[in-house]
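Counting from 81, one number per residue, gives the positions in the sequence shown under the numbering used here. Cβ coordinates follow ideal geometry from the N, Cα and C atoms, glycine included. One structure below.
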Amino acid sequence: MIRASYTRGYRIMQGSYDLLLVASSMVVAVLASYVAIEFAGRLRESERWMAWLTAGAISMGSGVWSMHFVGMSAFQLPIVISYDLPMTFGTWVAAVAVSALALFLVGRARLTTRNVTFGAFAMGFGICVMHYGGMWAMRMSPGISYDPTWFGISVAIAVGASAAALLIVSQLRTVRSWRDIGLRGGAALLMGAAISGMHYSGMQAAQFSADAFCYTGNALSGAWMTAPVLIAALIGLPIALAFAIADAREVVKARRAEREQAQRVEEMAFVDRETSLPNRHRLTRQLTDSLLQGRSQVSLVCLRLRSAAGQTRSSDTVLVARALRAHCEEPHLLARTANDQFSVLLSGVERPVAWTTALRAKVRSELLSTGLALDAGVAVAPKDGDTAQMLMMRAAS
């Protein structure tokens with residue numbers, strides 16, 4: 081037990097803290113903070129943000145309120161303590177409302193300096209309403225008095241912790257690595273410590289008369305309510321966190337599927353199915369980009385397939401594509417631009433005609449027994465044209 085003395089004039093009431101309940105209240109505060117960080121991320125990424133806002137506000141608010149209630153129960157006076165039921169429920173509503181505001185600001189609103197300032201003071205006010213409303217729910221007679229210094233410290237911590245929480249959560253809404261998860265854990269510890277600091281500063285501010293007693297009629301007994309509230313918090317918060325993490329995984333899975341689908345669509349739009357080479361659309365885009373970048377020389381080679389049999393077959397096209405691919409590595413771009421035509425966008429080649437002659441010689445040796453040959457044309461910008469279409473027409477002529 082930690083002994084604590086509260087004075088009113090010269091009349092002293094001795095109180096004590098149950099260390100196990102104090103530690104439990106801090107654990108609940110950290111869990112509530114981590115849930116807040118997790119739910120804030122769900123608000124920005126999920127289309128069901130209103131449902132997540134409601135669930136998050138109830139989960140976070142109930143967690144913060146549970147920390148407060150357990151922390152109140154940790155303080156033991158030599159009198160029977162009970163809590164006014166409507167007032168106690170009102171403090172829970174205040175905690176949920178504060179949580180809803182915090183989650184909305186960091187999850188949906190643009191977090192400007194003005195919003196942080198407004199949010200910090202509004203949340204600080206709500207936290208103070210929850211704490212000091214909970215103290216008033218004890219309905220002590222004579223009433224509780226408060227030390228001005230400690231009262232001011234508790235209010236300052238409430239506002240400062242709220243501002244820090246808004247800034248921290250806004251920076252940790254998305255998880256990209258294990259490092260981010262560690263940062264979230266550290267942030268939850270910091271926020272939990274701040275919440276606990278505010279509560280116990282407020283408790284330090286309270287001064288009880290030696291002859292004080294609780295006179296509320298419609299009351300909740302602090303003795304039997306502590307265990308259910310603590311158990312509900314320690315079970316309910318991890319369950320809420322598990323749901324949030326499961327939803328996050330579903331979001332990641334859906335986004336991965338969308339990326340894969342987009343990649344397949346892009347492949348269908350820019351890749352030739354028969355040869356798996358880039359197609360005419362891809363070459364046109366790359367050629368246009370090269371011209372817009374203002375490179376000193378842009379060279380395009382057109383290679384037309386010719387067969388001794390007169391008509392080329394699909395297998396001939398695949399064979400030639402394989403041979404060309406072996407000699408046209410990056411940064412050059414090899415593309416199939418027609419049924420019997422290939423094009424090469426050269427990069428960093430000062431003598432494109434000589435390069436083309438060497439390429440044809442290499443491929444010719446591989447196609448000797450097939451009766452296939454390649455005719456070639458070269459176009460160089462800006463001499464032969466300054467657009468993709470002009471260069472492609474000139475190279476093919």
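- Whose C-beta lies closer than 7 Å to the C-beta of R416 among residues of the same chain, with five residues either side of it excluded? Numbered from 1 along the sequence shown, position 336 holds the residue referred to as residue 416. Cβ neighbours of R416 beyond the five flanking positions: D352, T355, L357, N359, A401, F422.
- Message: Count Cβ pairs between the segment 137-151 and the segment 159-174 that sit closer than 8 Å; are there 3 or more?
- Response: yes
- Message: Comparing C-alpha positions only, which one of V173, M130, I161, I159 sits nearest to G141?
- Response: Translated into positions along the sequence shown, residue 141 becomes position 61. The candidate whose alpha carbon is nearest that of G141 is V173.
- Item | Three CB pairs or more closer than 8 Å across the segment 390-400 and the segment 433-440 | no
- Quick one: Cα of D164 to Cα of R335, how far? To locate residue 164, count along the sequence shown from 1; it is residue 84. To locate residue 335, count along the sequence shown from 1; it is residue 255. About 49 Å.
- For Q343, does the three-state DSSP call read helix, strand or coil? Within the sequence shown, residue 343 is the residue found at index 263, counting from 1. Under the three-state reduction of DSSP, Q343 is assigned to helix.
- Pick from Y226, W129, S139: whose alpha carbon is nearest that of I315? What you label residue 315 is simply residue 235 of the sequence shown in a count that begins at 1. Comparing Cα positions, the closest option is S139.
- For L385 versus A459, is the C-beta spacing smaller than 7 Å? Looking up residue 385 in the sequence shown gives position 305. Looking up residue 459 in the sequence shown gives position 379. No. Outside cutoff.
- Task: Could you spell out where the beta strand (DSSP E) holding G457 opens and where it closes?
- Result: Here residue 457 refers to the residue found at position 377 when the sequence shown is read from its first residue. That run of the beta strand (DSSP E) goes 452-461.
- Item | DSSP state of P411 mapped onto helix, strand, coil | If you number the sequence shown from 1, residue 411 lands on position 331. In this structure, P411 counts as coil in the three-state DSSP scheme.
- Item | Run of the beta strand (DSSP E) containing Q421, from where it starts to where it stops | Reading the sequence shown from its first residue, position 341 is the one you call residue 421. Boundaries of the beta strand (DSSP E) harbouring Q421: 421-426, taken from the DSSP string.
- Distance, Y280 Cα to L101 Cα: Taking the sequence shown and counting its residues from 1, one reaches residue 101 at position 21. Taking the sequence shown and counting its residues from 1, one reaches residue 280 at position 200. Going by the C-alpha atoms only, they are around 13 Å apart.
- Query: Where T229 and A285 are concerned, what is the direct C-alpha to C-alpha distance, given to the nearest angstrom?
  - Reply: As a first step, residue 229 is located in the sequence shown; it is residue number 149 there, counting from the start. As a first step, residue 285 is located in the sequence shown; it is residue number 205 there, counting from the start. Their backbone Cα atoms lie some 8 Å apart in a straight line.
- Message: What would DSSP say about T417, mapped onto helix, strand or coil?
- Response: Residue 417 sits at position 337 when you count from the first residue of the sequence shown. T417 sits in a strand when the DSSP states are folded into three classes.
- In the DSSP assignment, find the beta strand (DSSP E) that holds S162 and state where it starts and stops. For the purposes of this step, residue 162 is identified with residue 82 of the sequence shown, where counting begins at 1. Looking at the DSSP string, the run of the beta strand (DSSP E) that includes S162 is 162-164.
- Task: Report buried or exposed for L372, applying the criterion of at least 16 other Cβ atoms within 10 angstroms of its Cβ.
- Result: Numbered from 1 along the sequence shown, position 292 holds the residue referred to as residue 372. Counting Cβ neighbours within 10 Å, L372 comes out exposed, since fewer than 16 surround it.
- Message: I need the DSSP call for A286, collapsed to helix, strand or coil.
- Response: One-based indexing of the sequence shown puts residue 286 at position 206. It is a strand residue.
- Item | S139: first and last residue of the uninterrupted alpha helix (DSSP H) it sits in | The residue labelled residue 139 in the question sits at position 59 within the sequence shown. From DSSP, the alpha helix (DSSP H) with S139 extends over 129-154.
- Quick one: residues in its chain with C-beta nearer than 6 Å to the C-beta of T192, no 5 flanking neighbours on either side, listed in chain order? Taking the sequence shown and counting its residues from 1, one reaches residue 192 at position 112. Hits under 6 Å: none found.
- Shortest alpha-carbon distance to D369 belongs to which of A238, I117, S427? Counting from one through the sequence shown, the residue named residue 369 turns up at place 289. For the residues A238, I117, S427, the minimum Cα distance to D369 belongs to S427.
- For A95, name the three-state secondary structure that DSSP assigns. On the sequence shown, position 15 is the one that residue 95 refers to. Here residue 95 is Gly; the residue named in the question, Ala, does not match the sequence. When DSSP states are grouped into helix, strand and coil, G95 belongs to the strand group.
- Query: Among V398, W145, C408, A290, which residue has its Cα nearest to the Cα of P222?
  - Reply: Along the sequence shown, one-based indexing puts residue 222 at 142. Answer by Cα proximity: A290.
- Task: Could you work out which residue in C382, N419, L413, A406 is closest to S395 when comparing CA atoms only?
- Result: As a position in the sequence shown, residue 395 is number 315, starting the count at 1. Nearest option by C-alpha distance: N419.
- Message: Please classify E430 as buried or exposed, where buried requires at least 16 neighbouring CB atoms within 10 angstroms.
- Response: Counting from 1 along the sequence shown, the entry for residue 430 is found at position 350. By the 10 Å Cβ count, E430 comes out exposed.
- Query: What span of residues does the beta strand (DSSP E) with S387 cover, start to end?
  - Reply: Taking the sequence shown and counting its residues from 1, the one referred to as residue 387 is at position 307. Taken as a continuous stretch (DSSP letters only), the beta strand (DSSP E) holding S387 covers 378-387.
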